[in-house]
Each structure stands twice: as structure tokens, then as C-alpha cells.
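First residue of the sequence shown: 312, per my numbering; consecutive thereafter.
By construction, the Cβ of each residue, glycine as well, lies at the ideal position given by its N, Cα and C atoms.
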Amino acid sequence: YFTWPQAIQDFAAEGIKGLKPLYRDEKWADLAGIAPITDRVIRLVDENRNYWTPYLEITRGCPRNCSFCTAIRVSGRRMRLRPVDEVVDEIQRRRIKRFFLTDDNFGLNFTTDPDYCAELFEALMKLDLHSWTVQSEMSVAKHPELLRMGRAAHLDKHFIGFESVNPNNRRELGGKSRGSINQSVEAIRAIHETGTGVVGLFVMGFDEDTPETFQAMWDFIRTSTLDGISVTVLTPYPGTPFRQQCIEEGRLLDTPWRYYDTAHVTYVPKNFTVEELRASYDWLCRKIYSPWQIANRGLRALRRYPMRLAGKKLFGSFSTDYGYRRTYGWRHSY
Numbered sequence: 312y313f314t315w316p317q318a319i320q321d322f323a324a325e326g327i328k329g330l331k332p333l334y335r336d337e338k339w340a341d342l343a344g345i346a347p348i349t350d351r352v353i354r355l356v357d358e359n360r361n362y363w364t365p366y367l368e369i370t371r372g373c374p375r376n377c378s379f380c381t382a383i384r385v386s387g388r389r390m391r392l393r394p395v396d397e398v399v400d401e402i403q404r405r406r407i408k409r410f411f412l413t414d415d416n417f418g419l420n421f422t423t424d425p426d427y428c429a430e431l432f433e434a435l436m437k438l439d440l441h442s443w444t445v446q447s448e449m450s451v452a453k454h455p456e457l458l459r460m461g462r463a464a465h466l467d468k469h470f471i472g473f474e475s476v477n478p479n480n481r482r483e484l485g486g487k488s489r490g491s492i493n494q495s496v497e498a499i500r501a502i503h504e505t506g507t508g509v510v511g512l513f514v515m516g517f518d519e520d521t522p523e524t525f526q527a528m529w530d531f532i533r534t535s536t537l538d539g540i541s542v543t544v545l546t547p548y549p550g551t552p553f554r555q556q557c558i559e560e561g562r563l564l565d566t567p568w569r570y571y572d573t574a575h576v577t578y579v580p581k582n583f584t585v586e587e588l589r590a591s592y593d594w595l596c597r598k599i600y601s602p603w604q605i606a607n608r609g610l611r612a613l614r615r616y617p618m619r620l621a622g623k624k625l626f627g628s629f630s631t632d633y634g635y636r637r638t639y640g641w642r643h644s645y
């Protein structure tokens, strides 16, 4: 990004009065040679001791056009890739063994740039890593060889935006999911066959949803082999087509920004009331994050993976679900 250097330059020259009301990037940054975390910062923070999972960025951009997502507005449509040697250098300098990719849709690279993925995986195979996870999409299931290479490179889980079980929501999902239960089941199976975990991400409250959609979502989640679940409420974030639609249709609620956390209803749904959507979300979360369901997903991992991986997969499934359970409780405490 170019706005921060410009803002710092303006502040250094004239102080507060030199700052502009708004800074906007005129072009997207090339990730080659992007400024790395400095050695001074690395010396100040022991990430392996103080952070559960350090963050790392490898790519930016996403050509998908989901109506509710801010990714395009923040990082652009064009996928940009960091050189593999720079990625490896940062991992080694930071001495991290596990990390979570902040890339909005790393899995799309399996389709758009498989050679880059292969080069990256081959490089990471040589490092002493514990595990890493990515945000992804269903299309990775069509690339079993890359999935196996990723697993050999310690890639542990794909967080996949299935988003909906309602095929009528395809337009809002930007092409990455069709709301097809059969396709979702097959994708999960194909990814699991490579020894890689799958965390399912779902959104409630699309315009084509009905109260029956949430029962169907629960039925799918309950019978699936997903390793973890995240369910959120559709949220009209600034800059998204969905927010503009809500404004034009007079459906945007006068809600404080602190409630834009994907756990509170901030707009008027089409096929049910605000109260009905809120109650349905609470009902589904209580089902998904019950102690029995969390334990059941963990036990499935024991049966699905070989003994050398089962313990780690059990812990990963439990910790992911437990984290979402705690987050759900925290968000509803205010």
C-alpha cells in the first residue's frame, strides 16, 4: 500500500495540519520486495511464545465478487504473489513454526497459478514447520496433487467458504460456491483423502434464505465430516454491493459500528424479521458449539486419520471449535 508512506511524509513535513482528510491508493502494490518485518521488531516479540498462531501474508487479491465481501475493495481483483524466496526468508527470520495465512483466498491459486503453488510447497517442505492454515475455496478439491504437496509442506487445514446450502444464493456467492450440498460433500471428501483438514465457513441471512434454510444448514453441518465450523450473520460492510443494496432499499439499520462483528443483525432481512434472524443464529450456534458436537467432530478426526496424525487433528478440531464457541459468547456479552 502507498497511503501510509505518503501520510507519514505529510506528517513529517507539516505535522497534523499537513495530513489530508482522506488517503486513497491509486494502484495496487506489487508484492515483490514488499517491506518485511524489521529485525528490531522480531527481536522485541517472541511470536512462538506470545502468540497462538502468527500471521503471514503470501498473496493479495481475489477475483471473486461475493456481494458481502470486502476483499476486492481492500486488496483488488488481481491476484498478486510474493516471490517464494521472500516468503521463505521471512519465515526463517521470524523463526515461526506455525502460521495462519491472512490471504483472502489462497486456495484460488491452485487454479490460477498452480506452478507458483508447487514452487511454494516444495520450498516449505524443506523447512522445520509444525503446521499452517489457509483461507480457501471448494475448487481446491479439483487439484489432488497440489493438495498432497501442500500436506507434505505441513499445510494442515483449509478454511473454506461454503457460505450457504441454498442454491438460490449463487449470485451472491461470486462463483466460488453454488450452495450445492452434494458438491460440498464431495469437496470435503476429496480434501480429507489427502490428510488435510477442512473448516467450513457459513453465512446466514441471504435474501433467498428462508427459515427452512437454517434447518437445512444444521442438517448438513451435523452429518458432515467437517473438522470445524464457523457461522456468521450476513453483514453489510462499507464498500460492498450488499451494503449499497441495503441503502437503496431502505433496509440498513441505524446500528453502532461495534455491532458490525458478523454476530449481530445490522440490516432488515427479506424473508423474516430481524428478531427471527437473530434467534435463528443463536439457535444454530447453540447446536453447533454444544460440547457434544465439538467432541463428536474431534472424535471423527481420530477415526479418519492415521494414528501419527490423529492426535494433532483431534486437538486442532477441538481448539478451532472451542475458539469459535468462545468468540460467539464474547460477542453476545455486549
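Check whether residue i and residue j have beta carbons under 9 Å apart
| i | j | result |
| --- | --- | --- |
| Glu474 | Val514 | yes |
| Pro365 | Phe432 | no |
| Val399 | Ala429 | no |
| Gly511 | Ser535 | yes |
| Arg589 | Val576 | yes |
| Ala606 | Gly627 | no |
| Gly539 | Thr638 | no |
| Leu595 | Phe525 | yes |
| Arg389 | Ile353 | no |
| Asp350 | Arg404 | yes |
Per-residue burial, residue i [other beta carbons within 10 Å of its own, 16 or more giving buried]
| i | result |
| --- | --- |
| Met436 | exposed |
| Glu325 | exposed |
| Asp530 | exposed |
| Gly634 | exposed |
| Tyr600 | buried |
| Gly418 | buried |
| Arg597 | exposed |
| Asn477 | buried |
| Arg636 | buried |
| Phe421 | buried |
| Leu564 | exposed |
| Phe470 | buried |
| Trp443 | buried |
| Pro547 | buried |
| Ala382 | buried |
| Ala498 | buried |
| Ile369 | buried |
| Gly622 | exposed |
| Glu586 | exposed |
| Ile327 | exposed |
| Gly561 | exposed |
| Ile348 | exposed |
| Leu652 | Outside the displayed span of the chain (312 to 645) sits residue 652, for which this structure offers no information. |
| Glu401 | buried |
| Glu483 | buried |
Spatially closest choice to residue i from the options, by CA coordinates
| i | options | result |
| --- | --- | --- |
| Phe517 | Glu358, Cys377, Arg351, Ser630 | Cys377 |
| Glu504 | Lys328, Tyr616, Gln320, Thr638 | Tyr616 |
| Gly609 | Asp336, Gly508, Ser442 | Gly508 |
| Asp415 | Asp396, Arg405, Leu367, Ala527 | Leu367 |
| Asn479 | Ile502, Asp520, Thr577 | Asp520 |
| Leu330 | Arg406, Ile319, Asp336, Met390 | Ile319 |
| His441 | Cys428, Asp467, Phe417, Leu419 | Asp467 |
| Leu573 | Tyr592, Asp565, Gly561, Cys557 | Reading the sequence as shown, one finds Thr at residue 573 and not Leu. Selected option, being the one with the closest Cα: Tyr592. |
| Arg532 | Thr422, Ser495, Asp357 | The sequence given here has Ile at residue 532, not Arg. If we check each option's Cα against that of Ile532, Ser495 comes out closest. |
| Gly372 | Leu355, Leu392, Glu497, Asp357 | Leu392 |
| Ala464 | Trp315, Gly472, Glu448, Leu438 | Leu438 |
| Tyr570 | Ile407, Lys581, Val544 | Val544 |
| Met449 | Glu337, Gly472, Met390, Glu586 | Gly472 |
| Pro316 | Pro332, Asp336, Lys328 | Asp336 |
| Lys408 | Glu358, Phe583, Lys623, Ala323 | Glu358 |
| Pro332 | Lys581, Thr314, Trp339 | Thr314 |
| Ser386 | Ala501, Glu397, Lys338, Ile502 | Lys338 |
| Trp603 | Trp568, Phe629, Glu523 | Phe629 |
| Arg384 | Thr584, Arg619, Pro549 | Pro549 |
Local conformation of residue i per DSSP, three classes
| i | result |
| --- | --- |
| Lys581 | coil |
| Arg611 | helix |
| Met449 | helix |
| Phe517 | coil |
| Trp275 | Because residue 275 is not part of the residues shown, which for the chain are 312 to 645, the question remains open. |
| Glu325 | helix |
| Glu433 | helix |
| Leu330 | coil |
| Val395 | helix |
| Gly558 | With the sequence shown as reference, residue 558 is identified as Ile, and Gly is not the correct amino acid for it. Here Ile558 sits in helix by DSSP. |
| Glu504 | coil |
| Lys468 | strand |
| Ile532 | helix |
| Phe421 | helix |
| Ile599 | helix |
| Arg375 | coil |
| Tyr616 | coil |
Residue i at chain B interface by Cβ criterion, 9 Å
| i | result |
| --- | --- |
| Phe626 | Of the protein chains in the structure, only one exists, and it is not chain B. |
Practice task
Give a yes or no on contact between the segment 452 to 465 and the segment 326 to 346, applying the rule of three or more CB pairs nearer than 8 Å.
Solution key: no
Handout entry: Three CB pairs or more closer than 8 Å across the segment 550 to 563 and the segment 377 to 388
Key = yes
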